[in-house]
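In our numbering, the protein residues as written are 2 to 396.
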């Protein structure tokens, strides 16, 4: 233990080799923080700080007392200075003035978040990724309200991840979002790779894509009476678009002569082309003539880009009217597009290009949900029923 000057204040610092058990005990000291600059744990020096350290670590950790005597002398000096009034009491009662308290940690967190936001924009990350990263990193910083982000080490990060898993019950995808946000700050901004390289990524859940049958897709379209709404849902399915890709379509992105649609800034900020059903073109032309959008292919009431929430509500109402009992989401139309193409004999290579997948492995997962070949497989229960009929059993 020794005395240091850190962040413009005198502090009592604890230096020791990295030991998980010792760290756990030290963290129980009220107000204790870690300094990456001095590579130590410290608390601001107050009249009671030394007693606080002794009371917390007594019987658990051995302290080197060689410097304690000097600290105690300084402690007496602090008590003396605290006892002396700084200002003489005025003869008249002063006006009540609320003291201004500067929360340096809060300011630091805000600054770190703003720096991350700017860095993400400079690296051309999508708005949704910027929002996800900053929100996840904000939650991470709030978990350590009395710590500077640069002082947090790998143990703290792992502790936070365990909190997300055990207490918050976060999904695997949400855990990965949190890891990516933390990695971006420490690796891309601070260049401190050692902070997070040992983080073990959770195994991704191998969920199969949920798809609709062709009959269910048609039922949804038939249940959508509004021309604009029906056109939006049909393009989602006909071209295999993501929700954001549909809403980002401009009027000129639909090529009526080649029956294709230009998808701008898809996942990974990449443009691509996808098919546009020839049978859908007359409906699109009818929509354009009736609604007369100015810039976006699908606009809101005041001409702004149509909202994702409104589009989800459109689908929800259509699914209810169609009598479908599944929990249908917009992305299921994209899954159905890929699955139905595969069932019709389209090569996975073509489907990969249309969907904008980087890896063919991502596209190949649809082979696991196709009905291709399954119609030739008979359930063993059907065999039992046939056997019963052959026997002539009535019971």
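The beta-carbon is built from N, C-alpha and C at its ideal position, and this holds for glycine as well.
Model, not experiment: these values are computed from the prediction.
Problem - Three-way DSSP call (helix, strand, coil) for residue 10 in this model - result: strand
Practice task
Verify whether the separation of the beta carbon atoms of residue 13 and residue 50 is less than 8 angstroms.
Solution key: yes
Exercise for the section: Return yes when the Cβ of residue 336 is within less than 8 angstroms of the Cβ of residue 218, no when it is not. Expected result: no
Problem - Between the CA atoms of residue 120 and residue 184 - distance to the nearest angstrom - result: 13 angstroms
Exercise for the section: Leaving out five residues on either side along the sequence, give the residues of the same chain with a beta carbon under 7 angstroms from the beta carbon of residue 161. Expected result: 141 and 144
Handout entry: Entirely enclosed alpha helix (DSSP H) segments - the stretch 223-275, minimum 4 residues
Key = 228-240 and 244-248
Problem - Own chain, CB closer than 8 angstroms to residue 134, minus 5 neighbours either side, in chain order - result: 117, 121, 126, 178, 181, 182 and 185
Problem - Segments of 3+ residues assigned as beta strand (DSSP E) that fall wholly inside the stretch 9-41 - result: 10-15 and 34-36
Exercise for the section: Return the Cβ separation of residue 274 and residue 285 in integer angstroms, given the expectation that the two are a contact with Cβ distance under 8 angstroms. Expected result: That belief does not hold up - the Cβ atoms of residue 274 and residue 285 are roughly 16 angstroms apart, past 8 angstroms.
Exercise for the section: Leaving out five residues on either side along the sequence, give the residues of the same chain with a beta carbon under 6 angstroms from the beta carbon of residue 334. Expected result: 237 and 238
Problem - Burial state of residue 34 (16 or more Cβ within 10 Å) - result: buried
Exercise for the section: Pick out whichever of 153, 190, 172 and 152 has its Cα sitting closest to the Cα of residue 123. Expected result: 190
Problem - Assigned exposure category for residue 302 - 16 Cβ within 10 Å defines buried - result: exposed
Exercise for the section: State the CB to CB distance for the pair residue 248 and residue 309, rounded to an integer number of angstroms; the pair is presumed to be in contact (CB under 8 angstroms). Expected result: 6 angstroms
Practice task
Please say whether residue 23 and residue 16 have beta carbons closer to each other than 8 angstroms?
Solution key: no
Problem - Among 174, 138 and 43, nearest to residue 158 - alpha-carbon criterion - result: 138
Problem - residue 331 vs residue 231 beta-carbon contact at 8 angstroms - result: no
Exercise for the section: Would you identify the three-state DSSP class for residue 193, choosing helix, strand or coil? Expected result: coil
Practice task
Tell me whether residue 52 is buried or exposed, calling it buried when 16 or more other Cβ atoms sit within 10 Å of its Cβ.
Solution key: exposed
Exercise for the section: Please determine, among 355, 131 and 6, the residue with the shortest C-alpha to C-alpha distance to residue 278. Expected result: 355
Practice task
Indicate whether the contact test is met: 3 or more Cβ pairs, each with one atom in the stretch 336-345 and one in the stretch 250-258, closer than 8 angstroms.
Solution key: no
Exercise for the section: Below 6 angstroms CB to CB, which residues in the same chain sit around residue 220 once its five sequence neighbours on both sides are set aside? Expected result: 323
Practice task
In the DSSP assignment, find the alpha helix (DSSP H) that holds residue 162 and state where it starts and stops.
Solution key: 155-167
Problem - DSSP three-state assignment for residue 120, whether helix, strand or coil - result: helix
Handout entry: Beta-carbon proximity check, residue 340 vs residue 371, cutoff 8 angstroms
Key = yes
Handout entry: Alpha carbon of residue 326 to alpha carbon of residue 288, nearest angstrom
Key = 30 angstroms
Exercise for the section: Kindly give me the distance between the Cβ atoms of residue 1 and residue 382, rounded to whole angstroms, as I take these residues to be in contact under 8 angstroms. Expected result: This structure gives no information on residue 1, because the portion of the chain shown stretches from 2 to 396.
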